[in-house]
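*Asks:* Here it is, the structure, as structure tokens.
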Amino acid sequence: MKVCIIGYGKMGKMVEKIAKAKGYTINQFIDSPDDQINGSSDVAIIFSTPESAYTNIIKCFEKKLPVVCGTTGWLNDIDRVKRYCKKNNSTFLFSPNFSLGVNLFFKINNAVSKIMNRSDDFNLKISEIHHTSKIDSPSGTAIKIKEDIESIIKKEISIESKRIGQNKGTHKIIYESFSDLITISHTAKNRDSFALGSILCAEWLIGKNGFFEMDDFLNDFL
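Going by the numbering used here, the letters in the sequence shown line up with residues 9 to 230, in that order.
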């Protein structure tokens, strides 16, 4: 598999490391608006800045290049990407978090929310902590947790966001009643799982057409 890495920051470097360890070729790096995507890759993996994400996605589509995107903070444009995929038979997979552990965390939270929705005794809030250089706040992962749970319990949930040190990502869902406090949490120890998940999704995406999310991959993977 030949991979084009778009965004060569910490995540881009980790994708490069793991892809090479799996025997794949990185045949293009895109890290500037002036860099041209040549379309010679099998798939593009994007961990760029939010500001450049949509433009990079469209450039890949124009080269008939499947896209795996982990950039968050640009989702006001995601409906435009869905329409483009449908109209032009393009291929795209987005996830705010490619960690298999986090995606299991999503499923656990959804299951707990369905149980908690039967009771009015518990209040719910979400908290997240990331490193100080993370641009978007709240995180895309926290937003997904919020949207998933709100679709179940039909009430608005608050998110508390903090930026501290080099924290790779900690997310908590807190259920509290007069008598009980229940906390479900996930802490990322490093970036390896994010990079590995994006590469596994890239392997899966080749040969497909349409707009996909992590659940589409997981349904096959699991």
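Cβ atoms here follow ideal geometry from the backbone N, Cα and C, with glycine treated the same way.
Being a predicted model, the structure only gives us computed values, none of them experimental.
Grab me the residues of F219's own chain with a C-beta within less than 6 Å of its C-beta, minus the 5 sequence neighbours each way, in chain order.
*Replies:* Looking up residue 219 in the sequence shown gives position 211. Result list for F219: K90, C93, F100, in chain order.
*Asks:* Grouping DSSP H, G and I as helix and E and B as strand, with all else coil, what is F106?
*Replies:* Residue mapping note: residue 106 aligns to position 98 of the sequence shown, counting from 1. Coil, per DSSP.
*Asks:* Helix, strand or coil, according to DSSP, for K21 in the structure here?
*Replies:* Sequence index remark: in the sequence shown, residue 21 carries index 13 (1-based). DSSP places K21 in helix when its eight states are reduced to three.
*Asks:* Give the DSSP bridge partners of H139, in chain order.
*Replies:* Taking the sequence shown and counting its residues from 1, one reaches residue 139 at position 131. None, per the DSSP bridge assignment.
*Asks:* Pairs of beta-carbons, one from the stretch 189 to 196 and one from the stretch 206 to 215, closer than 8 Å: are there three or more?
*Replies:* No, they do not touch.
*Asks:* Tell me, please, which residues DSSP counts as bridged to Y32.
*Replies:* Sequence index remark: in the sequence shown, residue 32 carries index 24 (1-based). Per DSSP, none; premise fails for Y32.
*Asks:* Determine the direct distance from the alpha carbon of S169 to that of C77, and round the result to whole angstroms.
*Replies:* In the sequence shown, residue 77 corresponds to position 69, counting from 1. In the sequence shown, residue 169 corresponds to position 161, counting from 1. Rounded to whole angstroms, C77 to S169 spans 23 Å at the Cα level.
*Asks:* Note down the Cα distance separating A61 from W82, rounded to an integer number of angstroms.
*Replies:* Mapped onto the sequence shown, residue 61 falls at position 53. Mapped onto the sequence shown, residue 82 falls at position 74. Cα to Cα, the separation comes out at about 7 Å.
*Asks:* Taking all protein chains shown into account, decide if F113 is buried (16 or more other Cβ within 10 angstroms of its Cβ) or exposed.
*Replies:* As a position in the sequence shown, residue 113 is number 105, starting the count at 1. So F113 counts as buried.
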